[in-house]
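Going by full-length UniProt numbering, the letters in the sequence shown line up with residues 1 to 456, in that order.
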Amino acid sequence: MAGSELPLHSASALAGLIESREASPVEVVEAYLQRIDDLDFKFNSFITVLREQALEEGPMHGIPVGIKDQIWTKDIRTTGGSRILADFVPDDDATVIANLRNAGAILLGKTNLTEFAVTGFTHRFSTPRNPWDLNISAGGSSSGSGAATAAFLCATSLGEDTGGSIRRPAAWCGIVGLRPGWGRVSRYGLMRGVWSMDTIGPISRTVEDAAITLSAIAGYDPKDPTTWNTPVPDYRQALHGDIRGLRVGILTELLHSDMVEPDVADAVAAAADTLAELGADVEEVSIPLAAHANAIAGALLAVEPALNMKEWVRERLHDFGHDNRIGLLTGSLVPAQAYQKAQKLRALLREDVLAAFRTYDVLVMPTSGRQAVPIQDDPPVTSRETSSRLPFMRTNTFNLSSAPAISVPCGFGGRGLPVGLQIAGPPGGEEMVFRLAHAYEQNTPWHTMRPPSAEI
């Protein structure tokens with residue numbers, strides 16, 4: 001097989017080629033490194049490429065993985081996307097990295113991200129570009145993982161999701177991204193943003209690849225007491241395609257909204273029709289508090305990073321990018337009463353979401369109410385309206401409720417950019433989420449489409 005074709009395969013297909021000896025791990029690594037050399041000048045998806053290490057590991061291992069540069073890698077620079085940590089080298093691997101190594105993965109490189117993963121757009125290194133249009137954002141904060149995976153520069157990748165930072169890049173880049181339920185994956189060695197919502201998960205080109213990646217990284221970790229001490233399922237067993245009789249709720253407040261473009265609403269409605277044709281019982285459900293999820297999450301996303309980085313805020317404020325200077329200063333000034341109110345509202349929203357899951361197996365809605373937006377300079381904040389750059393995101397309901405949620409491509413809008421369908425399940429419900437997402441994916445063409453700029 002020609003080496004240039006190897007990166008175009010899914011991770012599961014590559015594993016089969018390596019097992020059957022139709023391709024060697026070294027050939028696979030070399031093919032990906034060559035694509036990075038040939039193409040990443042367009043996408044800016046990697047901060048650090050581990051050329052020598054990947055080639056040394058190749059003879060003994062298998063699938064090349066991109067790692068968001070928020071996750072510790074022993075003896076490898078880990079910047080958090082910030083100039084403040086431009087030379088930071090951890091002396092330990094994050095647990096997910098140790099798990100990947102044990103599963104035979106090859107670390108191909110550290111992918112780009114917004115600064116400290118607590119802002120949606122500001123990049124302190126070169127801004128990643130969307131393979132579907134190089135003038136368009138790849139999303140954030142796991143922007144490099146989204147761009148690299150969509151451009152076939154790695155077989156699969158890891159991102160981190162606090163308020164949608166896996167699902168938004170997946171939606172905007174036309175690929176698959178899963179935020180696991182909180183506690184399913186260890187966060188030891190993850191640079192902290194919002195302790196009660198940060199979650200590591202896969203960004204992949206197919207649902208099966210996401211399932212494989214999650215199986216490799218999930219599990220109990222004594223270094224992270226928030227992880228679940230329960231067995232990790234074989235998530236691929238859920239990918240059998242049968243969704244007859246599953247109860248699917250379309251979350252009304254997150255679909256019928258001024259924050260959702262007509263093209264996006266139409267694509268999600270068509271996806272719901274497809275699920276019904278496949279045998280699912282589909283109907284609309286209302287969770288009124290979900291309409292306020294962005295405001296609730298916004299308080300937590302402001303206060304907790306400001307607390308985590310309070311010394312840098314005091315001593316090195318101007319070393320932060322534009323968005324973070326504003327956000328961290330604001331978070332430092334939010335009254336305790338406002339933070340407490342946000343936590344109370346979060347608890348109420350979580351109760352409503354869990355109540356909905358007693359009736360429905362999954363909930364569906366858009367991932368983002370808009371298609372990907374153009375790359376632009378950080379705008380000035382001149383009003384309440386301009387203080388939020390992501391009012392159209394539909395993701396926060398599920399990080400607030402600690403539930404798993406996946407984004408899968410469900411079509412294209414009028415600008416020729418991907419649209420993401422978000423499927424959420426109850427805490428511990430990753431298998432059900434994978435089951436429905438895979439059935440939808442395999443009965444639609446969207447996962448087979450390749451962005452034109454990814455061609456050599």
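Beta carbons are placed, not taken as given, at the ideal position from N, Cα and C, and that holds for glycine. Keep in mind it's a predicted model, so treat the numbers as computed, not measured.
Inter-residue spacing [alpha-carbon to alpha-carbon] between Cys410 and Gln376: 26 Å
Test item: CB-CB of Ile296 and Ala355 under 7 Å: Cβ atoms of Ile296 and Ala355: not closer than 7 Å.
For Leu158 and Ser141, believed in contact at Cβ under 8 Å, the rounded distance: Between Leu158 and Ser141 the Cβ distance is about 13 Å, and since that is not below 8 Å, they are no contact.
Status (buried if at least 16 other CB within 10 Å, exposed otherwise) for Asp161: buried
Nonlocal neighbours in the same chain, by C-beta distance under 7 Å from Met60, ignoring five residues either side: Low confidence applies to Met60: its pLDDT is 49, below 50, so where it sits in the model is not reliable, and the reading given next is rough at best. Taken in chain order, the list of residues that qualify is empty.
Reference Met309; option with closest CA among Glu22, Ala117 and Gln34: Ala117
For Asn135, the first and last residue of its enclosing beta strand (DSSP E): Asp133 to Ser137
C-beta atoms of Ala437 and Trp172 nearer than 7 Å: Cβ distance not < 7 Å, so Ala437 and Trp172 don't count as in contact.
Start-to-end residues for the beta strand (DSSP E) that takes in Ile423: Pro418 to Ala424
Gly249 (DSSP reduced to helix, strand or coil): The three-state reading of DSSP puts Gly249 in strand, counting E and B together.
Bridge partners - Thr73, DSSP secondary structure assignment: Answer is Ile76.
DSSP-derived helix/strand/coil call for Gly411: strand
Where Phe46 sits in the DSSP three-state scheme: The answer is strand: DSSP assigns Phe46 an E or B state.
C-alpha gap between Gln70 and Ser165, whole angstroms: 12 Å
Three-way DSSP call (helix, strand, coil) for Glu430 in this model: helix
Residue of Asp37, Pro451 and Lys344 minimising C-alpha distance to residue 501: Coverage of the chain is limited to positions 1 through 456, which leaves residue 501 absent and any answer about it impossible.
Cβ neighbour criterion (16 or more within 10 Å) applied to Gly245: exposed
Neighbourhood of Ile175 by C-beta distance below 6 Å, restricted to the same chain and skipping five residues each side: Thr149, Ala150 and Arg205
Pairwise C-alpha distance: Ala265 and Ala271: Roughly 10 Å separates the two Cα atoms.
Own chain residues within Cβ distance below 8 Å of Arg51, not counting five before or after: Leu33
Residue burial classification, Arg129 (beta-carbon count within 10 angstroms, cutoff 16): buried
Buried or exposed by the 16-neighbour rule on C-beta atoms within 10 Å, applied to Gly369: buried
Enclosing beta strand (DSSP E) for Lys110 [first to last residue]: Run containing Lys110: Ile106 to Thr111, per the beta strand (DSSP E) assignment.
Euclidean distance between Cα positions of Phe43 and Asp378: Distance between the alpha carbons of Phe43 and Asp378 is about 19 Å.
Identity of the residues DSSP links to Lys68 by a beta bridge: Thr111
Three-way DSSP call (helix, strand, coil) for Gly159 in this model: In this structure, Gly159 counts as strand in the three-state DSSP scheme.
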